[in-house]
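Notes to accompany the following structure.
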Amino acid sequence: MLSQEQILHVNPHLASSITYASSRQSFYTVLFLVDQGMKEDAFKAYAYFRWLDDQLDKESLSKSERMAIVRRENALIDQCYGVEGSAPPHNLCEEEYLLVDLLRGDQCKADGLRLYIRNLMAVMVFDAERRGELISQLQLTNYEKWLATAVTEALHFYIGNHCYTPQDETRYLAATGAHITHMLRDTYEDIAAGYINIPSEALEKYRIDPQDINSDGYRQFVKSRVNLARQYFAAGRHYLSKVQNLRCRLAGYSYIACFTPILNAIERDGWLLRPSY
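The numbering of the sequence shown is our numbering, which starts it at 305 and goes up by one.
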């Protein structure tokens, strides 16, 4: 494990600068809404996975190279969590130091942070595997579940940490709706990068190929996804209304508000997706 002296060599502004460059929404959410004393760690939690996602998205990487990256990062996470038999990777970069510092001491015992780390890592592994491959509806559902769990648990861990939050079947629906919208928004970009966001069952049902984005069948698929995202957002708003912490509610409502205009635009366009929004 790294010493505190090694960790201190990391640029203290690295995490916040990565977050700012990647997502103004995330940056200002952390800056203004995260609990006092947890802002630096929240930046690290976002920045580490933003960096990892960017590494996996490099066009030059083969599947074996992508899988080697996620194996290395999983080994680092296991070492941070003290998993028996795990061995830390060598020659860590600055971004990997962010993770080590994030999971120092008692931090690694927090269930909310653990759920964020493990579920978002599952998302990274799946993205590394699925590039250039068709996916099934079950795989898509699991993908959505991992992402939604990670986002929601991070929200509650860093904002209103000790406040009441409902533990019911609607807990992850707002984040699931956001993920559905995110995949629709990025369809053209993802197709170009080799990521297929429509399940094989839908391709068979509508007798289309993944590239047939303007076809009637693809539009029917998009319509069903938009309607599902709207249902999830409605349930998510109701869930958030029962969350005790005001800052957490504001962050959640803002998260939904960020994606709702995209759904509106898709519907106005007759369920035809645009290359950008």
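Ideal placement from N, C-alpha and C gives every residue a C-beta, glycine not left out.
Rounded C-beta distance between residue i and residue j? I'm assuming under 8 Å.
i      : j      : result
Gly574 : Ala533 : That belief does not hold up - the Cβ atoms of Gly574 and Ala533 are roughly 17 Å apart, past 8 Å.
Met371 : Ala458 : Their Cβ separation, rounded to whole angstroms, is 25 Å, which puts Met371 and Ala458 out of contact at 8 Å.
Thr537 : Ile517 : One point to set straight first is that residue 537 is Phe, not Thr, in the sequence displayed. About 23 Å; that fails the 8 Å criterion.
Glu398 : Asn315 : 6 Å
Gly540 : Leu477 : 5 Å
Taking its Cβ as the centre, do 16 or more other Cβ atoms sit within 10 Å of residue i, making it buried, or is it exposed?
i      : result
Glu448 : buried
Arg511 : exposed
Tyr543 : buried
Tyr468 : exposed
Arg529 : buried
Ala497 : exposed
Roughly how many whole angstroms lie between the Cα atoms of residue i and residue j?
i      : j      : result
Ala569 : Ala555 : 23 Å
Arg578 : Tyr522 : 13 Å
Ile381 : Arg475 : 26 Å
Lys362 : His466 : 39 Å
Glu493 : Ala454 : 23 Å
Leu407 : Glu473 : 29 Å
Gly464 : Asn423 : 21 Å
Ile421 : Arg435 : 22 Å
Tyr462 : Val374 : 25 Å
Pro514 : Asp339 : 43 Å
His460 : Lys546 : 13 Å
Gln441 : Pro470 : 28 Å
Met342 : Arg418 : 15 Å
Leu576 : Val526 : 8 Å
Under 9 Å, do residue i and residue j count as touching if we go by C-beta distance?
i      : j      : result
Pro392 : Leu444 : no
Leu318 : Leu402 : yes
Val404 : Leu396 : yes
I'd like the list of long-range same chain contacts for residue i, defined as Cβ closer than 7 Å, with 5 residues on each side in sequence excluded.
i      : result
Tyr581 : Arg489, Ile566 and Ala569
Ile322 : Ala351, Arg354 and Trp355
Near residue i, which residues of its chain fall below 6 Å by C-beta distance, leaving aside the five closest residues on each side in sequence?
i      : result
Tyr324 : Phe331
Asp345 : Leu406
Kindly list the residues whose CB is nearer than 8 Å to the CB of residue i, restricted to its own chain and excluding five residues on each side of it in sequence; keep chain order.
i      : result
Ser390 : Ala379, Asp382 and Gln383
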